[in-house]
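Participant: Here it is, the structure, as structure tokens.
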Amino acid sequence: MSELNKIALKILSNGKGILAADESNGTMTKRLEAVDVPSSKENRLSFREALLSSSGMKKFIGGVILYDETINQISSSKKTIPELILLSGAVPGIKVDTGAKVLAGSSEEKITEGLDGLRERLKEYYKLGARFTKWRGVYNISDKHPSKLSIQSNAHALARYSALVQECGMVPIVEPEVLMDGDHSAETCFNKTSEVIKKCFEELIIHKIDLSGIILKPNMILAGNKSDKEISSEEVAKLTLKCLKENVPTDVPGIAFLSGGQTEIQATENLNLINKHNDTNFIMTYSYGRALQQSALKFWSKDINDTQGTQKVFNHRAKMCTLAAQGKWSAELETK
Ligand code: 13P
7 MSELNKIALK
17 ILSNGKGILA
27 ADESNGTMTK
37 RLEAVDVPSS
47 KENRLSFREA
57 LLSSSGMKKF
67 IGGVILYDET
77 INQISSSKKT
87 IPELILLSGA
97 VPGIKVDTGA
107 KVLAGSSEEK
117 ITEGLDGLRE
127 RLKEYYKLGA
137 RFTKWRGVYN
147 ISDKHPSKLS
157 IQSNAHALAR
167 YSALVQECGM
177 VPIVEPEVLM
187 DGDHSAETCF
197 NKTSEVIKKC
207 FEELIIHKID
217 LSGIILKPNM
227 ILAGNKSDKE
237 ISSEEVAKLT
247 LKCLKENVPT
257 DVPGIAFLSG
267 GQTEIQATEN
277 LNLINKHNDT
287 NFIMTYSYGR
297 ALQQSALKFW
307 SKDINDTQGT
317 QKVFNHRAKM
327 CTLAAQGKWS
337 AELETK
């Protein structure tokens, strides 16, 4: 078993999942302003520290993705944030892309940047304690999109990123996110996501990536958020499993889904059914941002000094997600 494979399994095993707390300052400002809290450096740290020092971290979270600001911050207990994460038994990770910019040649699409100087930045993050990383490619669906250009160029960037990350002894999370915005059907999402993931693995193989030392972070197969066709969670689970079985090489140890704008309950229920029907060798768990933090953030925003109350809300959410990652969740457990 390679070192990278060991790290990946440590993050994903026993129903544990990933807390994606890597919102850029821009995104975090949107999240905080939506609940009427000013987005200061102190407030961003205070919310994140509440989650990272919760008891739910120990039981349910195998890895935390941080943003550059946070990995360099010191907690109120005078520990660095990676030290705080290690204390709970989880693995510290870091978002290393520098964001999605307009794709030259296809102005309605995006290409993720951040390869320049990446090798040097990775060494710094390793020294700070990171053992895994994240890079997100983003694709929108319309009749013309995602284009061949966007599928090809984002896959290429994800593969170059992954090669540098593995060279530095860390596990790359490969995140090709096909957005749920639009009125497209689940079938369209299935076809486009399949094409995107297939191309990513073609590039990862060309770039000699050790597939047993990566984590794939895909979207689930959903109908667009403006589609008038209802799709059941059973159907989401069936299509998601089919897409992954057809396009992900079996060497990949685990898949950690993004929530992508689903509600906390939808993201939990869908993950639960995926695991109930999981007939693959992949671990299927969560790497949620919004679907792990939304209710905790709302609670915290009412009284930012109520750390215990905030942790209680977070612990519950993380527990539900971990049950879903084992196919053991049910709606009744939400109210217990
Ligand atoms: P969401 O779960 O809120 O989609 O965030 C996950 C993530 O890391 C997106 O890059």
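When the sequence shown is numbered by the working numbering, its final residue is 342 and no position is left out of the sequence of numbers. The beta carbon of each residue, even a glycine, is placed where N, CA and C say it ideally should be.
Is G32 near ligand 1, in the sense that its beta carbon is under 7 Å from a heavy atom of that ligand?
Facilitator: For this step, residue 32 is matched to residue 26 along the sequence shown. For ligand 1, not one heavy atom lies less than 7 Å from the Cβ of G32.
Participant: Buried or exposed for M7, please, with buried defined as at least 16 other CB atoms from any protein chain shown within 10 angstroms of its CB.
Facilitator: In the sequence shown, residue 7 corresponds to position 1, counting from 1. Burial call: exposed.
Participant: I24 to N281, Cα distance in whole Å?
Facilitator: Position 18 of the sequence shown, counted from the first residue, corresponds to residue 24. Position 275 of the sequence shown, counted from the first residue, corresponds to residue 281. About 16 Å.
Participant: Just reading off the alpha helix (DSSP H) that F138 is part of, what are its end residues?
Facilitator: Within the sequence shown, the letter at position 132 stands for residue 138. Where F138 is concerned, there is no enclosing alpha helix (DSSP H), although the beta strand (DSSP E) it sits in stretches over F138 to Y145.
Participant: What are the uninterrupted segments assigned as alpha helix (DSSP H) that are 4 or more residues long and contained completely in the segment 122–196, given in chain order?
Facilitator: 124–133 and 154–173
Participant: Tell me whether G295 counts as near ligand 1, meaning its Cβ is closer than 7 Å to at least one heavy atom of that ligand.
Facilitator: In the sequence shown, counting from the first residue as 1, residue 295 sits at position 289. Within the cutoff, so yes.
Participant: Taking the continuous alpha helix (DSSP H) assigned at M290, which residues delimit it?
Facilitator: The count along the sequence shown starts at 1 and reaches residue 290 at position 284. Looking at the DSSP string, M290 is not in any alpha helix (DSSP H); the run it does join, the beta strand (DSSP E), is I289 to Y294.
Participant: In whole angstroms, give me the CA-to-CA distance for Q120 and E338.
Facilitator: Along the sequence shown, read from residue 1 onward, the residue named residue 120 stands at position 114. Along the sequence shown, read from residue 1 onward, the residue named residue 338 stands at position 332. Residue 120 is actually Gly in this sequence, not Gln. If I take the Cα positions, the gap works out to 44 Å.
Participant: Does the beta-carbon of S380, which I'm using as the reference point, lie nearer than 7 Å to any heavy atom of ligand 1?
Facilitator: The shown model of the chain, from 7 to 342, leaves out residue 380, and the question about it has no answer.
Participant: Measure the beta-carbon distance from V202 to I157 and round it to whole angstroms, keeping in mind my assumption that it falls under 8 Å.
Facilitator: By 1-based counting over the sequence shown, the position of residue 202 is 196. By 1-based counting over the sequence shown, the position of residue 157 is 151. The Cβ separation is near 6 Å, so the contact holds.
Participant: From T328, H322, Y294 and D285, pick the residue whose C-alpha is nearest to that of N278; which is it?
Facilitator: Translated into the one-based positions of the sequence shown, residue 278 becomes position 272. Closest option to N278, Cα to Cα, is T328.
Participant: Measure the alpha-carbon distance for A26 versus K223 and round it to whole angstroms.
Facilitator: Counting from one through the sequence shown, the residue named residue 26 turns up at place 20. Counting from one through the sequence shown, the residue named residue 223 turns up at place 217. Distance between the alpha carbons of A26 and K223 is about 11 Å.
Participant: Determine the contact status of N146 and T118, defining contact as a CB-CB distance below 8 Å.
Facilitator: Locating residue 146 in the sequence shown gives position 140, where the first residue counts as 1. Locating residue 118 in the sequence shown gives position 112, where the first residue counts as 1. No; because the gap between Cβ atoms is not below 8 Å, this pair is not in contact.
Participant: Note down, one range per segment and in chain order, each beta strand (DSSP E) of at least 3 residues found wholly within the segment 199–269.
Facilitator: 260–263
Participant: Pull up the CB-CB distance for N225 and V184, whole angstroms please, since I reckon it's below 8 Å.
Facilitator: Residue mapping note: residue 225 aligns to position 219 of the sequence shown, counting from 1. Residue mapping note: residue 184 aligns to position 178 of the sequence shown, counting from 1. Between V184 and N225 the Cβ distance is about 5 Å, and since that is below 8 Å, they are a contact.
Participant: Taking C-alpha atoms, which residue in D312, F305, K325 and K318 lies nearest to Y292?
Facilitator: One-based indexing of the sequence shown puts residue 292 at position 286. The shortest C-alpha to C-alpha distance from Y292 to any of D312, F305, K325 and K318 is the one to K325.
Participant: Considering only the beta carbon of each residue, do R142 and E181 sit closer than 8 Å?
Facilitator: By one-based count along the sequence shown, residue 142 stands at place 136. By one-based count along the sequence shown, residue 181 stands at place 175. Cβ atoms of R142 and E181: closer than 8 Å.
Participant: Report the residue from L109, S82, G266 and M290 whose alpha carbon sits nearest the alpha carbon of Q299.
Facilitator: As a first step, residue 299 must be located in the sequence shown, where it is residue number 293. That would be G266, whose Cα lies nearest to the Cα of Q299.
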